[in-house]
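First to last, the sequence lines map onto chains A and B. Going by our numbering, the first sequence opens with residue 1, and the numbers climb by one from there. Going by our numbering, the second sequence opens with residue 130, and the numbers climb by one from there. In this text, a Cβ means the ideal position worked out from N, Cα and C, and glycines have one as well.
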Amino acid sequence: MGHDNTHKLAIFRGTLKFKSNVQKIWGVLIFLSIITIIEVGLGIVKPKSLTEWYPLGMKALNWIFIILTLVKAYYIAWDFMHLRDETSSLRRAVVWTAFFLIAYLLFILLQEATYIEGVKTNGFVKWNF
Amino acid sequence: MEATVSNTGTEGKVWGGGNEPLKASYGKMMMWFFLLSDALTFSGFLAAYGFSRFKFIDSWPIADEVYNHFPGLHGDHPMYFVALMTFILIASSVTMVLAVDAGHHMDKKKVTFYMFLTIIGGGIFLGSQAWEWTNFIQGSYGALETKGGQILQFVNTDMEEGDEKMHRVSVEDFATASHKERIQHKSKEGLWFTSESALPAYSVQDVVTGFNHKANLAVRTQTLMPNISELKASGDAESIAKAERFEKMYVNADQTGQKGVLTRAESVKALKDAVVYVKGANLIHNEYGNRLFADFFFFITGFHGFHVFSGVLINVIIFFNVILGTYERRKNNYEMVEKVGLYWHFVDLVWVFVFTFFYLV
Chain A
1 MGHDNTHKLA
11 IFRGTLKFKS
21 NVQKIWGVLI
31 FLSIITIIEV
41 GLGIVKPKSL
51 TEWYPLGMKA
61 LNWIFIILTL
71 VKAYYIAWDF
81 MHLRDETSSL
91 RRAVVWTAFF
101 LIAYLLFILL
111 QEATYIEGVK
121 TNGFVKWNF
Chain B
130 MEATVSNTGT
140 EGKVWGGGNE
150 PLKASYGKMM
160 MWFFLLSDAL
170 TFSGFLAAYG
180 FSRFKFIDSW
190 PIADEVYNHF
200 PGLHGDHPMY
210 FVALMTFILI
220 ASSVTMVLAV
230 DAGHHMDKKK
240 VTFYMFLTII
250 GGGIFLGSQA
260 WEWTNFIQGS
270 YGALETKGGQ
280 ILQFVNTDME
290 EGDEKMHRVS
300 VEDFATASHK
310 ERIQHKSKEG
320 LWFTSESALP
330 AYSVQDVVTG
340 FNHKANLAVR
350 TQTLMPNISE
360 LKASGDAESI
370 AKAERFEKMY
380 VNADQTGQKG
390 VLTRAESVKA
400 LKDAVVYVKG
410 ANLIHNEYGN
420 RLFADFFFFI
430 TGFHGFHVFS
440 GVLINVIIFF
450 NVILGTYERR
460 KNNYEMVEKV
470 GLYWHFVDLV
480 WVFVFTFFYL
490 V
């Protein structure tokens, strides 16, 4: 039962093609490891230029961590969980649902928390007894 | 018997039924939708964590100071252990996907071997997490908690060359536990229907006495130092007043992003509010800072660990089924292995986010 021909073997938008599914798995592992090493390295060094620069209200370093996390999540879902080989309707049913609900929840909660923090710091209510 | 209508005239049409637009089996699809709902649960937890963290953005504990243990090494080693845990989980994800691939080729031997490796990887990860929890629960320095729930930690103000910040001092190094009249009340002694939890090792007075004997100690608060020079340059009267207040209270007001260390006089004043000695962490007290910090740590890593645990259990069941040849007989390319594989990768996926939001950001 040759099932292998159903796998899509190219990653990085077709720039990197693998000969077999097993090779692709090892390739993705190497890629994920490199990203994790970069994350850990940045977490240990914490370069001053990245911790003191605040694009869009958050440390540049934190933006890098979050973006790298999403990249890792993408390759785990697309290649390890074979989302790349599923029909686009199944992929969208899963990914878009999660994406929009989570983005909405995060926006609401973080916005509200920022407001409460402002009240706590600038308001006249004593909270440390 | 020609009364039964079996022809609707829609055969072969899209709405005639029997289509499989997603081209996935029922089981695989349901696994995906289960994972979707589970992902929403986890993001609910992580979003709640983000809420509390943004609410206490000026006093949240610094992860590197909390998770700094490595087996067999003394001193400060942030990041290494959790990086190791991440690699273990990614590696076991790879062996899982290799098992799925071997299943597609109906290669029973290889599926068995890779499933076995996956289970071992999961076991090692669980052990690592237990070790992490043990360190977190036992704590290493101890601190005092005030009436308002603030944590007062202790540092040595004598800095050596090359030190970026003052080193923490363990309460055990300077306080002596006094003789106590009071002993823990257990239900087997005295009133059988009441009891209490273990008494703290030191009374507040023990710690304060020890503190007064050593002039090089100071209290470190939860407050993170803002950028003082920026506050001063803002031109806003309130910000300038705040900057001046911070410079008067804290000896390290110029170190943006670090925990504020009080001057000696302010330290003595702060200690007057202390009510209890805390070491390590539980759901009510923790020596690291905000109470919610420990609660979220236990809850989210615990919920993830529970997923890993059930993942290992399911993997074990599938592993034995593979050995018994159950999926060989089903002749569907080991689809069951693929389904548990999805679950196992999902656990890895969640860990990627937990790793970022608890340890990196």
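By Cβ distance, which residues of its chain are closer than 6 Å to residue i, with the 5 residues on each side in sequence left out?
| i | result |
| --- | --- |
| His198(B) | Asn264 |
| Phe340(B) | Leu346 |
| Ser307(B) | Asp335 |
Taking DSSP as the reference, what is the three-state secondary structure of residue i?
| i | result |
| --- | --- |
| Gly389(B) | strand |
| Ile312(B) | coil |
| Ala403(B) | strand |
| Arg182(B) | helix |
| Ile191(B) | coil |
| Leu412(B) | coil |
| Ala10(A) | strand |
| Lys72(A) | helix |
| Phe124(A) | coil |
| Tyr379(B) | strand |
| Arg17(A) | Per the sequence presented here, residue 17(A) reads as Lys, with Arg not at that position. Strand at Lys17(A). |
| Phe199(B) | strand |
From what residue to what residue does the beta strand (DSSP E) around residue i run?
| i | result |
| --- | --- |
| Ala347(B) | Leu346 to Leu353 |
| Ala272(B) | Ala272 to Thr275 |
| Tyr54(A) | Counting along the chain, Tyr54(A) falls outside any beta strand (DSSP E), and DSSP gives it neither H nor E. |
| Ile146(A) | Absent from the structure is residue 146(A), since the part of chain A shown begins at 1 and ends at 129. |
| Asn285(B) | Ile280 to Asn285 |
If we ignore side chains and look at the alpha-carbon of each, how far apart do residue i and residue j end up?
| i | j | result |
| --- | --- | --- |
| Asp4(A) | Leu110(A) | Model confidence at Asp4(A) stands at a pLDDT of 43, short of 50, so the residue's coordinates are unreliable; what they give is reported in the following sentence. About 45 Å. |
| Ala103(A) | Ile413(B) | 31 Å |
| Ile30(A) | Gln23(A) | 11 Å |
| Ile62(A) | Lys72(A) | The question names Ile, but residue 62(A) is Asn in the sequence shown. Using only the alpha carbons, I get a separation of about 15 Å. |
| Lys398(B) | Leu360(B) | 26 Å |
| Thr139(B) | Met159(B) | 28 Å |
| Tyr74(A) | Thr51(A) | 26 Å |
| Tyr331(B) | Phe283(B) | 15 Å |
| Thr121(A) | Ala98(A) | 34 Å |
| Ile249(B) | Gly57(A) | 43 Å |
| Arg13(A) | Ile34(A) | 19 Å |
| Met130(B) | Thr6(A) | Note on Met130(B): pLDDT 49, under 50, position unreliable in the model; no value is reported. |
| Ile186(B) | Gly251(B) | 34 Å |
| Tyr379(B) | Ala370(B) | 14 Å |
| Ser299(B) | Ile446(B) | 47 Å |
| Gln279(B) | Asn128(A) | 8 Å |
| Ile452(B) | Lys237(B) | 8 Å |
| Thr114(A) | Phe425(B) | 19 Å |
| Ile25(A) | Gly156(B) | 24 Å |
| Thr224(B) | Lys17(A) | 21 Å |
| Glu194(B) | Glu325(B) | 31 Å |
Less than 7 Å between C-beta atoms, sequence neighbours within five positions excluded: which residues of the same chain meet that for residue i?
| i | result |
| --- | --- |
| Lys8(A) | Arg84 and Asp85 |
| Lys276(B) | Asp402 and Val404 |
Can you give me the Cβ contacts of residue i inside the same chain, cut-off strictly under 8 Å, excluding the 5 residues immediately before and after it?
| i | result |
| --- | --- |
| Val481(B) | Thr215 |
| Thr385(B) | Met354, Pro355, Asn356 and Ile357 |
| Tyr209(B) | Phe199 |
| Gly2(A) | Only weak support exists for where Gly2(A) lies, its pLDDT of 38 falling under 50; the coordinates are left without a value. |
| Arg420(B) | Gly278, Ile413 and His414 |
If you compare alpha carbons, which of the options is closest to residue i?
| i | options | result |
| --- | --- | --- |
| Arg349(B) | Phe438(B), Leu360(B) and Glu416(B) | Glu416(B) |
| Val240(B) | Leu478(B), Thr455(B), Leu489(B) and Phe487(B) | Thr455(B) |
| Thr430(B) | Ser221(B), Gly389(B) and Phe254(B) | Phe254(B) |
| Leu164(B) | Leu328(B), Val483(B) and Lys468(B) | Lys468(B) |
| Val479(B) | Asp205(B), Ser222(B), Ser181(B) and Arg182(B) | Ser222(B) |
| Met465(B) | Trp144(B), Asp205(B) and Ser154(B) | Ser154(B) |
| Ala327(B) | Gln313(B), Phe438(B) and Lys309(B) | Gln313(B) |
| Leu213(B) | Arg13(A), Ile37(A) and Lys126(A) | Ile37(A) |
| Lys294(B) | Leu273(B), Thr286(B) and Trp321(B) | Thr286(B) |
| Val229(B) | Leu218(B), Thr247(B) and His342(B) | Thr247(B) |
| Val28(A) | Leu202(B), Ile219(B), Tyr178(B) and Gly145(B) | Ile219(B) |
| Gly173(B) | Phe124(A), Glu112(A) and Leu105(A) | Leu105(A) |
| Trp473(B) | Phe375(B), Asp205(B) and Ile443(B) | Ile443(B) |
Going by DSSP, what residue range makes up the alpha helix (DSSP H) through residue i?
| i | result |
| --- | --- |
| Ser257(B) | Lys237 to Gln267 |
| Arg84(A) | Here Arg84(A) belongs to no alpha helix (DSSP H), and DSSP marks it neither H nor E. |
| Ser221(B) | Tyr209 to His233 |
| Ile443(B) | Gly431 to Leu453 |
Of all the residues that make up the stretch 155-182 of chain B, which are near chain E by a beta-carbon distance shorter than 8 Å?
Annotation note: the requested chain E is absent from the structure, which comprises protein chains A and B.
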